[in-house]
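> All the letters of the sequence shown, read from the start, carry residue numbers 5 to 706 under the numbering used here.
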Amino acid sequence: MQNLAEDIYSRSSFYTSIDNEEKALIGVNQWKAIKSIEEKYEQYPMTRFGGVNFSDDIWGTDRVGSYINWGKMMLPDNSNYPLILFFKILIYQRVQVLKYSSSDAAKGLGAVVRAWSALLGREHILCGKLNQPLVPSEVISSEKLHSLCVEMISIEKNVSQEYFRIWSWIASTSKKIFKELPFALFNIKVPWSKIKSTTGEISPLQKYINELIGSEATRISIRSYEAYSSETVAKIIDRAIPIFSEHSKSFTCIFSEFDKAYKESQKLDTAFYQLNLEHTAKLSNTLNENESAIALFPDLYAEYKDLKESVPNSYWFNNLHQRCLAASVWIILFTTGLRNIDIRLSLLRDCWVKDPDSDLIHYIITDIQKVRKEDYPIPAPPITIQAIEFLNAINFAPAEVNNLLARLFMKGKYWEINQSYMLNSILKSFTDCFDIDLLDEVNADSNQDGVCHRARVTLAQWIGTNSPLAVLIVKRLFAHTNEIMPDHYLKNNMEVKKERQNIQQATYINLSENMSEAIVKGKFSGGAKASYHEGVEMIRQKLQLENQSLVGEEMQTTLKEHIKNILIARIRNGEMLAMQTPLGFICLRNTKSTKPAPCAAKKEQIKMKESDIDVRFARALQASYLPNLDNCQGSDCQHSFLFDNPMAQLLLESFRFYCSYLKGVGQFSTNNLDAEAQHFIDLYYPPLLEVYPEIKSEMEAV
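1) Counting along the chain, where does the beta strand (DSSP E) carrying residue 274 start and finish?
2) Just the C-alpha distance for residue 141 and residue 149, rounded to the nearest angstrom, thanks.
3) Under DSSP, the beta strand (DSSP E) around residue 72 begins and ends at which residues?
4) Determine whether the beta carbon atoms of residue 155 and residue 123 lie at a separation below 8 Å.
5) Taking the alpha helix (DSSP H) that residue 419 belongs to, which residues open and close that run?
6) Measuring CB to CB, does residue 130 end up less than 8 Å from residue 168?
7) Can you tell me whether residue 407 is buried or exposed? The criterion is at least 16 other CB atoms within 10 Å of its CB, across all chains shown.
8) Leaving out the 5 sequence neighbours to the left and right, which residues in its chain are closer than 7 Å to residue 696 when beta-carbon positions are compared?
9) Going by CA-CA distance only, name the one from 158, 182, 174 that's closest to residue 215.
10) Thinking C-beta only, is residue 283 closer than 8 Å to residue 412?
11) Provide the residue(s) that pair with residue 590 in DSSP beta bridges, ordered along the chain.
12) Within the chosen definition, does the stretch 44–52 reach the stretch 24–31 through at least 3 CB pairs nearer than 8 Å?
13) In chain order, what residues of the same chain have a beta carbon less than 7 Å from the beta carbon of residue 355, not counting five sequence neighbours either side?
14) What does the Cβ neighbour count give for residue 1, buried or exposed, with the cut at 16 atoms within 10 Å?
15) For residue 567 versus residue 523, is the C-beta distance shorter than 8 Å?
16) Counting along the chain, where does the alpha helix (DSSP H) carrying residue 46 start and finish?
17) Helix, strand or coil for residue 701 per DSSP?
18) Going by Cα to Cα distance, which pick from 563, 526, 528, 445 is closest to residue 229?
19) Which residues does DSSP pair with residue 139 in a beta bridge?
20) Please determine if the stretch 262–278 and the stretch 307–326 are in contact, where contact requires at least 3 C-beta pairs separated by less than 8 Å.
21) Just to confirm, is the Cβ distance from residue 128 to residue 116 under 8 Å?
22) For residue 67, count neighbouring Cβ atoms within 10 angstroms of its own Cβ and tell me buried if that reaches 16, exposed if not.
23) What is the DSSP secondary structure of residue 691, reduced to helix, strand or coil?
24) Taking just the CA atoms, how far does residue 335 sit from residue 234?
25) Classify residue 22 as buried or exposed, calling it buried when 16 or more other Cβ atoms lie within 10 Å of its own Cβ.
26) Measuring alpha carbon to alpha carbon, tell me which of 341, 265, 419, 410 ends up nearest residue 381.
27) How would you call residue 82, buried or exposed, if buried means at least 16 neighbouring beta carbons within 10 angstroms?
28) So what does DSSP say about residue 170, is it helix, strand or coil?
29) Can you give the Cα-Cα distance for residue 177 and residue 114, rounded to whole angstroms?
30) Compute the Euclidean distance between the alpha carbons of residue 513 and residue 571, then round it to the nearest angstrom.
31) Per DSSP, which one or two residues make a beta bridge with residue 380?
32) Give me the Cα-Cα distance between residue 462 and residue 305, rounded to the nearest whole angstrom.
33) Return the first residue and the last residue of the alpha helix (DSSP H) that residue 298 is part of.
34) Given a threshold of 16 other Cβ atoms within 10 Å of its Cβ, counted over all protein chains shown, does residue 425 qualify as buried or as exposed?
35) Under three-state DSSP, which class holds residue 62?
36) For residue 182, which residues from the same chain have a beta carbon less than 6 Å from its beta carbon, with the 5 sequence-adjacent residues on both sides left out?
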């Protein structure tokens, strides 16, 4: 059948080798199977589609005003009914079973299904009249799908990813789902499956679409956004907080009175601006009483004062409401890092709980659509909760609309802000009215698409420059499923890079300072002691030759400074690993060493043997060998170094515990612990003795 895919274009030619009677029987059986599978799915739960029936034309989604209208996807002659059923099953599995977002699945679905119905219906693939035989899906090979995609590009001028991602969903859906409809099984690999893509690049699908579009392709790279400058953030915060804190009651009163007047105009079936003084008197008084709050927005205040005695129109109130909404959203963005889509559609009215153990911490509970996290808790400070409560107070949408962000009055089909560009525009309008330059110190164009995302990057930058646990915190806060994305936020951020370098350099200096002091005092041990002791004596002799007046404490200070500078240079230049091992030793191995490290020699030999690489050949190539710190050999390794530091002090405490234990166990000894204690003492006594000579007396008492 796969070979037929290249040549078959009609039902008659596909079934040419079958007589009419058998052909008719095939058609009847196919339609029986269609009816049977629909009856089967009719019994399945539809909780993620608003509790409708599978056979219904309208399926709800997780967004008010968003739905899937299967009836509108049907061709005039209903010939694509089997294909519609196929897509129903596909969407059901994706949303109800795999828990993907129903509103995301619904995005552009109508146009997509209608477009593919036209192309597939032309060849009667899952399309035909009742009891007529259908050309099975398997005639679509990967090559045929590619030719159809090329044709789709030529037909649809503004084609989007939705037209093609549906095939990725089809290809990844379990074949078992269609075992009762074998003629509906698409046995394909999508044409973009072999296109490689790495982190930071556009997706393989987008690369494929770009290849088809050619020179007219516009989305050729992932847009990267820089963080807002600290001055920009400070200005936004200074302007935003007073709106939902000290002036929250004023704005709530204004919008509450407007809502009453607006609903009155709807009752009277008249435009808001046509309401007479009787219906707007209270609103006018409320505006006068709260004039100081309106004055926070210079442009809107000027418009209000120009009206003199009359009440502003609904457009003015809508703008005022959007400014107040933006003030709260800016704070939510800077403190939670939520995505645009989650603030608009996932953040609900009743979305936070208090931490039972702290007055300062609260948790926002929300869904994270991109990574399919449900009821995900995000820690938030009191100021964020204050912003959320203000949004609740100025939300006049009907009770069935759960979204925290809602319009002042319904425009079109939606109460919620249903498009990302709308929220970006509202946020930018807020900063524009205060002449706050969002691109201050930012090397970027004025495209407003990244308004929300820049706030997310700004939060990641702040965490990255203020915490050594940045990757873990960003991963947890942003609900990432791995360490790749949080690191992607941080590693390319110039401020984070600078801070990481500062921390790195401070660590190098601190380690070198402590090591050099231990070396000069002779209070260090490990396999590296002999070579370092020899090196110190050579440096001491050299210093004495260069300056014979150096004696006593002055010599020690000069010697320490000299050793410290050598250590810093070696660490900075990558000539020394300088990493702490699980056994508490510092590994001073040269990173360019071609000799196998004692901790990794066996593993490397096995690896080379399995790869059929001769050891002498590898050494001739001067291949470097990385150590295996988890298999640290302690003082038996010539690269190990132990000195007085927090880790060594923990070892000392453990050593003293085991000594005390062995001294006092008597008849209550536990064999396993005895062995563990003895092993620990045998391992650490020699190196610890050189760092902490006082333990000799403790050891003699055991």
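All residues carry an ideal CB built from backbone N, CA and C; glycine is no exception.
Taking the structure as given:
1) In this chain, residue 274 is not harboured by any beta strand (DSSP E), its DSSP state being neither H nor E.
2) Taken atom to atom, the span from the alpha-carbon of residue 141 to that of residue 149 is near 11 Å.
3) Looking at the DSSP string, the run of the beta strand (DSSP E) that includes residue 72 is 71–73.
4) Taking a C-beta distance under 8 Å as the contact criterion, residue 155 and residue 123 qualify as a contact pair.
5) Following the DSSP letters along the chain, one finds residue 419 in no alpha helix (DSSP H), marked with neither H nor E.
6) Their beta carbons are not under 8 Å apart, which means residue 130 does not touch residue 168 by this criterion.
7) In this structure residue 407 is buried. Its beta-carbon is surrounded by 16 or more other beta-carbon atoms within 10 angstroms.
8) Exclusion of the five residues before and after residue 696 leaves 656 as the residues of its chain whose Cβ lies within less than 7 Å of its Cβ.
9) When each option's Cα is compared against that of residue 215, the closest is 158.
10) Not closer than 8 Å, so no.
11) Its beta-bridge partners are 584, 645.
12) Contact between the stretch 44–52 and the stretch 24–31 is absent, because fewer than three Cβ pairs lie under 8 Å.
13) Contacts found: 368, 369, 370, 392, 408.
14) One cannot answer for residue 1 here, as it falls past the ends of the chain, which runs 5 to 706.
15) Taking 8 Å as the Cβ cut-off, residue 567 and residue 523 qualify as a contacting pair.
16) Where residue 46 is concerned, the enclosing alpha helix (DSSP H) starts and stops at 24–46.
17) Three-state DSSP puts residue 701 in a helix.
18) Nearest option by C-alpha distance: 445.
19) Beta-bridge analysis with DSSP links residue 139 to 129.
20) They touch, by the three-pair rule.
21) No, they are not a contact pair.
22) The residue in question, residue 67, is buried, as its Cβ has 16 or more Cβ neighbours within 10 Å.
23) Under the three-state reduction of DSSP output, residue 691 falls in the helix class.
24) The straight-line gap from Cα to Cα measures roughly 14 Å.
25) In summary, residue 22 is exposed, with fewer than 16 beta-carbon neighbours lying within 10 Å of its beta-carbon over all protein chains present.
26) Here the closest residue by C-alpha is 341.
27) Burial check for residue 82: the Cβ neighbour count within 10 Å stays below 16, so the residue is exposed.
28) The three-state reading of DSSP puts residue 170 in helix, counting H, G and I together.
29) A straight line joining the alpha-carbon of residue 177 with that of residue 114 spans about 20 Å.
30) Computed Cα separation, rounded: 9 Å.
31) Here residue 380 is bridged, per DSSP, to 370.
32) Going from the Cα of residue 462 to the Cα of residue 305 covers about 31 Å.
33) Residue 298 -> alpha helix (DSSP H) spans 295–298.
34) By the 10 Å Cβ count, residue 425 comes out exposed.
35) Here residue 62 sits in strand by DSSP.
36) Within the same chain, and ignoring the five residues on either side of residue 182 in sequence, the residues whose Cβ sits closer than 6 Å to its Cβ are 188, 189.
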